[in-house]
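To start, the structure itself, in C-alpha cells.
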Amino acid sequence: GQQLNQSPQSMFIQEGEDVSMNCTSSSIFNTWLWYKQDPGEGPVLLIALYKAGELTSNGRLTAQFGITRKDSFLNISASIPSDVGIYFCAGYGGGGTSYGKLTFGQGTILTVHP
Amino acid sequence: EAQVTQNPRYLITVTGKKLTVTCSQNMNHEYMSWYRQDPGLGLRQIYYSMNVEVTDKGDVPEGYKVSRKEKRNFPLILESPSPNQTSLYFCASSFRALGGTEAFFGQGTRLTVV
C-alpha cells in the first residue's frame, strides 16, 4: 500500500524557536492533511491542502502541498509550550483503489522547553 | 455538541474472546473509518465506510470486521482477538471522503489482549 515517510521522528526545541517537519510519499496524493494529537486524545486537524503548490496558514502554522504531489511540509513559528504533542501528516489517494483511504505518516513528537 | 463517541475507552480481554468496539457520530457524516495506532507506525487504517452498507478494507484489515447498518454507527468487531491486536484504536468520521474534508476523531479505545 501507500507509504508516508515523516521526519524528523522527534524534536526537542526551546520556546520561541521555529519548527519544520515534512512528509514524503512514494506515490501521488490528492489531498494532504496535518493533524496534532495531544496525550490521551484523538488527532485534531490543523491544516488541509487540496492543490499542488498550495501554501496555507493557520495562525503560527504554515503548510505546503508539494508541486510533485508526493510531499508536504509543516512549519510552526515561534513555538510555545502548548505546541507539545505528536504531529501527523496524512494523505488521501483520492482515486481508483485508493479512493477513501487515508494514509498517515509515523508522526513527529514535539517537545518544547520553556 | 458535534462528536465521535467510542466505547469502551479501555478494554482488557483474553485471546479468542469476541469483542466489539462501538463508534457513533452525531454529525450525519457519510464517511467513517477505523484506525489503529502503534508506536513508531503512526495511524494505520483498518476499514472505512463511504456510506450505509458500503465498507471497504484499509491497509491492515486482517482480524477485523465492521458493519454500517446505520449512518451514525460503525462498530469494529474482533471475532477472535490475538495479542498482536493490542493497540490504541480510533474511530473517525467526516462529511465525505472526497477532498479529505475534516475528519473528527473519537477519544480512542486502548485494547489489551492477553
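From first to last, the protein sequence lines stand for chains X and E. For what it's worth, our numbering labels the leading residue of the first sequence as 12, then goes sequentially. For what it's worth, our numbering labels the leading residue of the second sequence as 8, then goes sequentially. Idealized CB from N, CA, C, for every residue including glycine.
Exposed unless 16 or more other CB atoms sit within 10 angstroms - verdict on residue i
i: X/L66; result: exposed
i: E/F111; result: buried
i: X/F23; result: exposed
i: E/A99; result: buried
i: E/Q52; result: buried
i: E/R75; result: buried
i: E/P90; result: exposed
Any chain X beta carbon closer than 8 Å to residue i
i: E/Q52; result: yes
i: E/F112; result: yes
i: E/G70; result: no
i: E/M39; result: no
Residue i at chain E interface by Cβ criterion, 8 Å
i: X/P92; result: no
i: X/E52; result: yes
i: X/G116; result: yes
i: X/K81; result: no
i: X/A59; result: yes
Boundaries of the beta strand (DSSP E) in which residue i is found, first to last residue
i: X/K47; result: T42 to Q48
i: X/H124; result: T119 to H124
i: X/I97; result: G96 to Y103
i: X/S83; result: D82 to I87
i: X/N16; result: L15 to S18
i: X/A74; result: L72 to F76
i: X/M32; result: V30 to S36
i: E/N14; result: V11 to N14
Nearest-angstrom beta carbon gap, residue j and residue i [assumed within contact, 8 Å]
i: E/T116; j: E/L18; result: 6 Å
i: E/L83; j: E/V120; result: Contact flag wrong, Cβ pair sits at about 14 Å.
i: X/N33; j: X/S21; result: Actually they do not touch by this definition, with Cβ atoms about 14 Å apart.
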